[in-house]
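Count the sequence shown with the UniProt record's numbering and you get residues 1 to 402, in order. Positions of the beta carbon are idealized from the N, C-alpha and C atoms, including for glycine. What follows is a single structure, written as structure tokens, with notes after it.
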Amino acid sequence: MAKITAPLTNTQVKQAKNTDKPYKLSDGGGLYLYISSTGTKSWRFDYTRPFTKKRATLTFGQYPEISLAGARTIRAEYRALLAIDIDPADKIRDEARQQRLKQNNTFEIVAAEYIERQTHLSQDTIDHKARYAMYLSQHLGRMPISDIKPIDVLDACRKVEKQGYLETAKKMRSLAGQVFRYAVQTARCERDVTQDLKGALKPPEVKHYPAITDPEEFAILLRAIDDYDGMFETRIAIKIIPHLFVRSGELRNALWEDFDFDARTWTFTPRKTKRKTGVSLIVPLSDQVYDLFKQLEPHKRSDFVFPSLHSTIRPMSENTLGQALKRLGFSGEQHTVHGFRASARTMLVERLKYDESLVEMQLGHNVRDMHGRAYNRTVFLDERREMMQTWSNYLDELKSSV
């Protein structure tokens with residue numbers, strides 16, 4: 001007949017004293033309290049491994065941190081595992097491994113890994129993503145990405161939203177979604193929880209970029225630009241952009257390798273449509289613009305035409321041209337760098353009577369033919385070359401009128 005062990009009592013456990021040699025007090029079912037010679041009391045569980053049939057011991061905590069009742073609960077969990085041929089030691093190791101994986105897959109770590117892989121994007125875009133990731137990480141950074149719930153992301157975004165930065169909150173949610181989708185692809189979490197947040201944030205107001213479209217006022221701006229006395233590369237950039245009316249980021253990220261000075265063209269893929277179409281935009285260089293680039297060429301110090309003042313591997317800061325306009329006395333409420341696009345669009349169509357579709361094509365916008373098909377941005381090059389030269393001549397005329 002099997003020996004029946006009387007269960008321990010709380011008093012026995014509490015009053016157990018150390019002796020010269022360690023000993024144990026059994027509670028039955030494999031559970032016992034081990035009392036070392038120094039007086040440390042630890043809970044242990046003896047059992048037979050399901051497949052090897054070898055005896056094994058698990059130590060799972062000390063008394064009084066784990067009470068007698070708590071120890072019995074753990075014993076019950078272990079015995080339940082053994083009943084279905086699962087070794088408790090294997091289960092503990094698996095859980096510890098999963099916990100380590102979680103700790104190494106926090107939102108901050110996964111976001112940094114995702115951004116590091118976006119080498120196909122411009123440095124400006126990467127910097128923006130890193131900034132949004134930093135904002136999110138202030139709330140989510142140390143959380144295992146698999147544990148993050150929709151409300152966690154929403155709380156992080158609303159913290160920024162409450163400060164009035166609606167566009168930033170929207171971009172944060174968008175980046176969080178990109179990070180979660182990457183985490184799903186790399187088996188770090190099951191789903192993109194930001195999908196549950198559609199409509200949860202306030203929509204940002206439509207942003208209109210102030211632009212001077214009156215020729216007389218624009219002439220004053222052009223004359224001021226001619227008199228700008230800032231850094232040499234900034235002087236060239238601020239003179240070029242009214243002629244080319246490309247986006248600020250496109251000019252700042254321009255690469256020397258994209259220019260064909262014999263053909264007098266600059267060919268690049270606009271960032272805003274790079275993923276959607278991948279179609280390049282050809283920008284004809286007028287005589288005036290060609291001369292400005294040739295002034296800059298002897299001073300070339302980077303693959304970027306307009307590198308950062310502090311690093312040759314980064315483009316000019318996104319604030320540089322805007323700050324130049326402010327120094328000239330044109331605040332963001334009067335005219336912005338992006339506003340040169342609206343200025344050109346308005347005056348080319350209204351003053352110089354160019355076809356609107358030709359102007360839109362040169363702006364890098366999708367223009368459709370009578371059948372609804374989008375024109376390739378490489379077509380009508382001769383017409384656009386003539387338009388760009390006429391535009392530069394018109395700007396010179398405006399300047400000379402002041």
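- Non-local beta-carbon contacts of T269 in its own chain, meaning distances under 8 Å to residues more than five positions away in sequence, involve G278, V279, S280 and L281 in chain order.
- Following the DSSP letters along the chain, one finds I35 inside the beta strand (DSSP E) bounded by residues L31 to I35.
- The three-state secondary structure of I236, taken from DSSP, is helix.
- Between the alpha carbons of D287 and I126 lies a distance of about 34 Å.
- The distance from the Cβ of Q138 to that of R314 is about 25 Å, inconsistent with a contact at the 8 Å cut-off.
- In this chain, W266 is not harboured by any alpha helix (DSSP H); it is covered by the beta strand (DSSP E) spanning T265 to F268.
- The beta carbon of L175 sits closer than 8 Å to those of A111, K129, Y132, A133 and L136, all from its chain and outside the five residues before and after it, given in chain order.
- When the alpha-carbon of L285 is set against those of D227, E167 and I241, the nearest one is in I241.
- Boundaries around L140 are those of the alpha helix (DSSP H), Q123 to L140, since no beta strand (DSSP E) includes it.
- Beta-bridge analysis with DSSP links V283 to W266.
- A direct Cα-Cα distance of roughly 51 Å separates N319 from D94.
- Sequence-distant partners of Q185 (beyond 5 residues in either direction) whose C-beta falls short of 6 Å from its own C-beta are missing from its chain.
- Around the beta-carbon of R117, fewer than 16 other beta-carbon atoms lie within 10 Å, marking it exposed.
- Three or more Cβ pairs closer than 8 Å define a contact, and the stretch 204 to 216 falls short of that threshold against the stretch 305 to 314.
- Of D214, S248 and R301, the smallest CA-CA separation from T346 is found for D214.
- Two segments are said to touch when three or more pairs of C-beta atoms, one from each, lie closer than 8 Å; by this definition the stretch 53 to 69 touches the stretch 5 to 14.
- Distance from R142 to T194 at the Cβ level is roughly 19 Å; contact not present, criterion being Cβ atoms closer than 8 Å.
- For the stretch 311 to 359, the full-length alpha helix (DSSP H) segments reaching 4 residues or more read 320 to 327 and 339 to 350 along the chain.
- S400 is classed as exposed because its beta carbon has fewer than 16 other beta carbons within 10 Å across all chains shown.
- Taking all protein chains in view, the Cβ of I115 is crowded by 16 or more other Cβ atoms within 10 Å, so the residue is classified as buried.
- When only Cα atoms are considered, K294 and E233 end up about 12 Å apart.
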